[in-house]
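Start counting the sequence shown at 72; every next residue gets the next number (my numbering). Glycine included, each C-beta is placed from N, C-alpha and C at the ideal position. Following: one structure in structure tokens, then a few remarks.
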Amino acid sequence: MTEHLPMIVWQDTYNTGIDILDRQHRELVNTINALYSSLNMENKGSALKPAADMVMKYTKTHFATEIAMMEKSGYPQMKQHHAQHEQLILDAGRSLYECLHEDGDPTDFLNFLKRWFVVHITREDQAYSEHLTKYFKKHPDELLSCLAA
Ligand SMILES: [Fe+2]
Ligand SMILES: [Fe+2]
Numbered sequence: 072m073t074e075h076l077p078m079i080v081w082q083d084t085y086n087t088g089i090d091i092l093d094r095q096h097r098e099l100v101n102t103i104n105a106l107y108s109s110l111n112m113e114n115k116g117s118a119l120k121p122a123a124d125m126v127m128k129y130t131k132t133h134f135a136t137e138i139a140m141m142e143k144s145g146y147p148q149m150k151q152h153h154a155q156h157e158q159l160i161l162d163a164g165r166s167l168y169e170c171l172h173e174d175g176d177p178t179d180f181l182n183f184l185k186r187w188f189v190v191h192i193t194r195e196d197q198a199y200s201e202h203l204t205k206y207f208k209k210h211p212d213e214l215l216s217c218l219a220a
């Protein structure tokens, strides 16, 4: 099989400096890249849906962790951040539906995910970095409960 470049190549600018969230962001990139690879598979018709479901599922897990950490630490922009996550889930769900049921192009869904990921992670996710880092340095014992959210 021909090797393809990944859809998203990890950049240092994606790092928030918060270990748990950086690891989740990397995993999220992996799921998006796996979805991209599924389009190059011979059986792409049946490979697309499970790979897309994995992206959506992991995105929701990651969002839950992020919001739990914001809530715990009293992050002032939590409400707006949460609203952005909700919007993404709606838009991504719509785009995925189109490509699965309305003959849409899966590349549109992937491009949407990539664009959203890069913009959100380099802007909104960077914005909480200082606040969360400070708080969890003082309260490392509270991290575990955020993961279980
Ligand atoms: Fe976020
Ligand atoms: Fe994030």
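- Ligand 1 has a heavy atom closer than 6 Å to the beta-carbon of Glu-137.
- Between Leu-106 and Ala-122, the beta carbon gap of about 4 Å places them in contact (Cβ cut-off 8 Å).
- With at least 16 other beta carbons inside 10 angstroms of its own, Asp-196 counts as buried.
- By the neighbour-count criterion, in which 16 or more other beta carbons inside 10 Å mark a residue as buried, His-152 falls on the buried side.
- In the DSSP assignment, Trp-81 falls outside any alpha helix (DSSP H), carrying neither H nor E.
- Distances from the alpha-carbon of Ala-139 to those of Pro-77, Asp-176, Tyr-199 put Tyr-199 closest.
- In the three-state reduction of the DSSP assignment, Asn-182 falls in the helix class, which pools H, G and I.
- Within its own chain, the residues whose Cβ lies closer than 6 Å to the Cβ of Phe-180, once the five positions on either side in sequence are excluded, are Ser-166, Leu-167, Cys-170, listed in chain order.
- Per the coordinates, the alpha-carbon of Met-125 lies some 10 Å from the alpha-carbon of Lys-131.
- In this chain, the alpha helix (DSSP H) harbouring Gln-151 covers 149-172.
- Proximity to Phe-188 across Gln-155, Glu-113, Met-149 peaks at Gln-155, based on C-alpha coordinates.
- Within a 10 Å sphere around the beta-carbon of Gln-158 sit fewer than 16 other beta-carbons, which makes this residue exposed.
- Taking a contact as a CB-CB distance under 8 Å, the pair Lys-143 and Glu-201 does not count as one, their CB atoms being some 16 Å apart.
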